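One structure is given here, and the rest of the page talks about it.
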Amino acid sequence: MSGHLVMLHGYSGTAEMIRPLANQLCPEGWQVCDINGPFPHPQRGYAWWSWDEKKSASFDINKLKELNESVAHVLSSLPEDGPLIVGGFSQGAAVAQELLLTEVAHRIAGVLVIGSKTARPLLLLEKLAELPPNRMCSMHGDSDEIISLKHGEECANIYEEGGWEVTRMHHNKGHIVDMNYLEKLKKWVSNSAQR
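Counting along the sequence shown from 1, when you hit position 27 you're at 65 in our numbering, and nothing is skipped either side.
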């Protein structure tokens, strides 16, 4: 069945910036759905919520409000029918995971999390217990100074606790998409699309 690969950019990124990766990962017969974040960044691109340099592990009330606005923004841009594989980089991957807490959760066949964490881990774990298990892929850099590997591992662990099949891809670089894993990512997305 034909579906959509939803790939969301990171902080100060754009849909145009993540589109080349999304096009390379998109399974045959599927379409890419990439969306700009709703908040213009002061220097370039867009954001899904405001960023501070504190690298706080938690979301304060203002960030949660912006996160909710971002999720609503994505939902309004999604195709109405068919399966979805949702993912992205950094902030975008956190927003993609939030889609599991919405009315499209039953359409999600896989979640691709690159250099990110979960915004609301307890809520997500509760929701995963209600959903049939699917697939999650986590790519994270050991040297990531923006979102620590520890937070990336905590994110993957939530999906494992929820009974999902988790694929981990670790690299020794920082806060990036490691293109050395491109073929593995393509295979993971393709396998997720066939479920």
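Note that CB positions come from ideal geometry on N, CA and C, so glycine has one too. None of the values given here were measured: they were computed from a predicted structure.
Contact annotation: the stretch 193–200 does not touch the stretch 210–230, with fewer than three C-beta pairs closer than 8 Å. Contact between the stretch 183–190 and the stretch 215–231 is absent, with fewer than three C-beta pairs closer than 8 Å. Scanning His144, Leu187, His42 for the CA closest to the CA of Ser154 turns up Leu187. Note on Ala231: 16 or more other CB atoms within 10 angstroms of its CB, so buried under the neighbour-count rule.
Secondary structure of Val151 (DSSP, three-state): strand. Per DSSP, the continuous beta strand (DSSP E) segment holding Gln69 begins and ends at 69–73.
Of all alpha-carbon atoms in Val142, Arg233, Gln81, the one lying nearest the alpha-carbon of Asn172 is that of Arg233. Within the same chain, Leu122, Val124, Leu137, Leu138, Asn172 come within 7 Å of Ile146 by CB-CB distance, once the 5 residues on both sides are set aside. Collapsing the DSSP output to three states places Ser176 in a strand. Going by C-alpha positions, Gly48 is about 13 Å away from Leu105. Within the stretch 154–221, the complete alpha helix (DSSP H) segments of 4 residues or longer fall at 159–168, 187–199, listed in chain order. Inside the stretch 92–143, DSSP marks whole beta strand (DSSP E) runs of 3 or more residues at positions 122–127, from first to last along the chain.
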